[in-house]
Amino acid sequence: MTHEEILRQQLKAEQAETARELAELLRLAQEMGRRLCNETHGDMYDDVRMLISLLHQTRAQADLIDAKLNSADPVTDLMARRQNIL
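In structure tokens, the structure reads:
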């Protein structure tokens, strides 16, 4: 294996780890957003709902990237993740 191939594999492993960590971080942020929504009433409610919507969209994209980098079967992995979101 050449030095360039080793570096390419290391970069791919780092990308996969970063994607996995980001997806987990966004999962936690989304859960915190849900908790905040449950605790928020009045004028701030619409702002919190917008935040939850943005977190959901961001997490969905992070899950897609994570699945592509870390899963042997990305479609099945994404379907399982989406079932866990609801």
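So that you can map any letter, position 50 of the sequence shown is 55 in our numbering, and since no number is skipped, the others follow by simple counting.
The beta carbon of each residue, even a glycine, is placed where N, CA and C say it ideally should be.
- Around residue 24, the same chain offers 70, 71, 74 as residues with beta carbons nearer than 6 Å, after the five sequence neighbours per side are excluded.
- The residue among 56, 28, 14, 16 with its C-alpha nearest the C-alpha of residue 68 is 28.
- For residue 77, there is no enclosing alpha helix (DSSP H), as DSSP marks it with neither H nor E.
- Per DSSP, residue 49 is not a residue of any alpha helix (DSSP H), being assigned neither H nor E.
- Pairing residue 41 with residue 52, the inter-Cα distance amounts to about 11 Å.
- Residue burial is scored here from C-beta neighbours: residue 64 has at least 16 other C-beta atoms within 10 angstroms and is therefore classed as buried.
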